[in-house]
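Heads up: the sequence shown at position 88 corresponds to 88 in this note's numbering, and the numbers run straight through without jumps.
Note that beta-carbon positions come from the ideal geometry of N, C-alpha and C, so glycine has one too.
First up is the structure itself, then whatever we jot down about it.
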Amino acid sequence: MQASKKKNLSEYDENSVPLSNGVKIGIVVSEWNNNVTGALLDGALCTLKKYGVSESDIIIKHVPGSFELTFGVAQMVKKDVDAVIAIGCVIRGDTPHFDYICQGTTYGLAHLNATQNVPVIYGLITTNDMQQALDRCGGCMGNKGDECAVTALKMVHEFCS
1 MQASKKKNLS EYDENSVPLS NGVKIGIVVS EWNNNVTGAL LDGALCTLKK
51 YGVSESDIII KHVPGSFELT FGVAQMVKKD VDAVIAIGCV IRGDTPHFDY
101 ICQGTTYGLA HLNATQNVPV IYGLITTNDM QQALDRCGGC MGNKGDECAV
151 TALKMVHEFC S
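Take a look at the structure:
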């Protein structure tokens, strides 16, 4: 059975998430599939605020598509932020375009995560169809944006404090 079929993405131990007053978070969001990425952004914002990150400590920038997330994040890490969340959604189509975009974006974000002094949180969802994407942005699988926000806060407190 697939791992995601067993786990709601929004389930986590609330006691394990540190209160994060004063933490500054950058979020780079793809406009492509914005019905999905907008819901992922909303989930991340709700969770960040829940754990004490003030709205004034959140910088949001938009890029046209998921492939542009790498450039957007590379620029965001230059700002005064403690972590950056990259949010995007790529849905498989009939051509290999899906594979190229997913692979290039994943490698780019992983490279930034390994080479910068700011944690880069991977919030690119890659699905076979729109329903799977909707299930992961507030549907029956929870909201991957919540998970990204929790990950960002944990990384900041573990490695950047």
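Could you check how far apart the C-beta atoms of I58 and L40 are, in whole angstroms? I think they sit under 8 Å.
Within the sequence shown, residue 58 is the residue found at index 58, counting from 1. Within the sequence shown, residue 40 is the residue found at index 40, counting from 1. Actually they are not in contact, since the Cβ atoms of I58 and L40 sit about 14 Å apart, beyond 8 Å.
Can you name the residues that DSSP bridges to Y51?
To locate residue 51, count along the sequence shown from 1; it is residue 51. By DSSP's assignment, Y51 forms no beta bridge with any residue.
Taking V28 and V81 to be in contact with their CB atoms under 8 Å, please state how far apart those CB atoms are, rounded to whole angstroms.
Here residue 28 is taken as the residue at index 28 of the sequence shown, counted from 1. Here residue 81 is taken as the residue at index 81 of the sequence shown, counted from 1. Contact flag wrong, Cβ pair sits at about 11 Å.
Going by the CB atoms, is the gap between K79 and G26 shorter than 8 Å?
Here residue 26 corresponds to residue number 26 of the sequence shown, with the count starting at 1. Here residue 79 corresponds to residue number 79 of the sequence shown, with the count starting at 1. In terms of Cβ geometry, G26 and K79 form a close pair [threshold 8 Å].
Separation of P18 from V53, as counted between CA atoms:
The sequence position of residue 53 within the sequence shown is 53, counting from 1. The sequence position of residue 18 within the sequence shown is 18, counting from 1. Approximately 11 Å, taken between the alpha carbons.
Can you name, in chain order, every residue of its own chain whose Cβ lies under 7 Å from the Cβ of M130, other than the five neighbours on each side?
Locating residue 130 in the sequence shown gives position 130, counting from the first residue. Leaving aside the five residues that flank M130 on each side, the residues in its chain whose CB is nearer than 7 Å to its CB run, in chain order, I91.
From E55 to K144, what distance separates their C-alpha atoms?
Numbered from its first residue, the sequence shown carries residue 55 at position 55. Numbered from its first residue, the sequence shown carries residue 144 at position 144. One Cα belongs to E55, the other to K144, and the distance between them is close to 20 Å.
Neighbourhood of A74 by C-beta, 7 Å cutoff - its chain only, sequence neighbours within 5 removed
Within the sequence shown, the letter at position 74 stands for residue 74. For A74, the CB contacts under 7 Å within the same chain, skipping 5 residues up- and downstream, are L112 in chain order.
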